[in-house]
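Residue numbers (the numbering used here): 1088 to 1265. From the three backbone atoms N, C-alpha and C, an ideal C-beta is built for every residue, glycine too.
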């Protein structure tokens, strides 16, 4: 596994952009991030084909096309760059730690149309506004009380941050368990 892997510390910007410019490679990385441990190339190709077509299961020809391109092109490239370990004999693939280098670049346009930075900005503005309104004694928020409003806001912020970290980097929580 990974016999030709580069031993450098960091990927350069050109390599990162080359990896991410291909939809199928991005989907493969995303699928691998969502699974714990190794995946068979067959399971990975079915998952990628399902996401590409929006059909479950994806048509047989599409699954075959995805399998061949992953096996012959994309997985060997990702293995060479140290993003995955691809065992061609066992037909298994798993993400390596180095994959974390490119996941920050994968958030360019998230699923819901706003970035995490935009989400936190809106959350901060809303939180500031509601705490200010509570402290000024507006009818509903004033009755609840500023400490309760601030605590609720902090719980929402903490929950959002925990979800963000969990969705971006599973290793963070695995390190806490050790």
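Residue i - containing alpha helix (DSSP H), residue span
i: residue 1213; result: 1203-1222
i: residue 1140; result: 1128-1140
i: residue 1190; result: 1187-1190
Residue burial classification, residue i (beta-carbon count within 10 angstroms, cutoff 16)
i: residue 1112; result: buried
i: residue 1240; result: buried
i: residue 1221; result: buried
i: residue 1121; result: exposed
i: residue 1133; result: buried
i: residue 1270; result: This structure gives no information on residue 1270, because the portion of the chain shown stretches from 1088 to 1265.
i: residue 1097; result: exposed
i: residue 1307; result: Nothing can be reported for residue 1307, as the shown portion of the chain is limited to 1088 through 1265.
i: residue 1266; result: No answer is possible for residue 1266: the residues shown for the chain start at 1088 and end at 1265.
Endpoints, the beta strand (DSSP E) within which residue i is located
i: residue 1181; result: 1179-1182
i: residue 1174; result: 1171-1174
Cβ distance (whole Å) where residue i is taken to contact residue j below 8 angstroms
i: residue 1107; j: residue 1189; result: 7 angstroms
i: residue 1119; j: residue 1171; result: 7 angstroms
Do the region 1230-1246 and the region 1202-1220 make contact, defined as three or more Cβ pairs closer than 8 angstroms? yes
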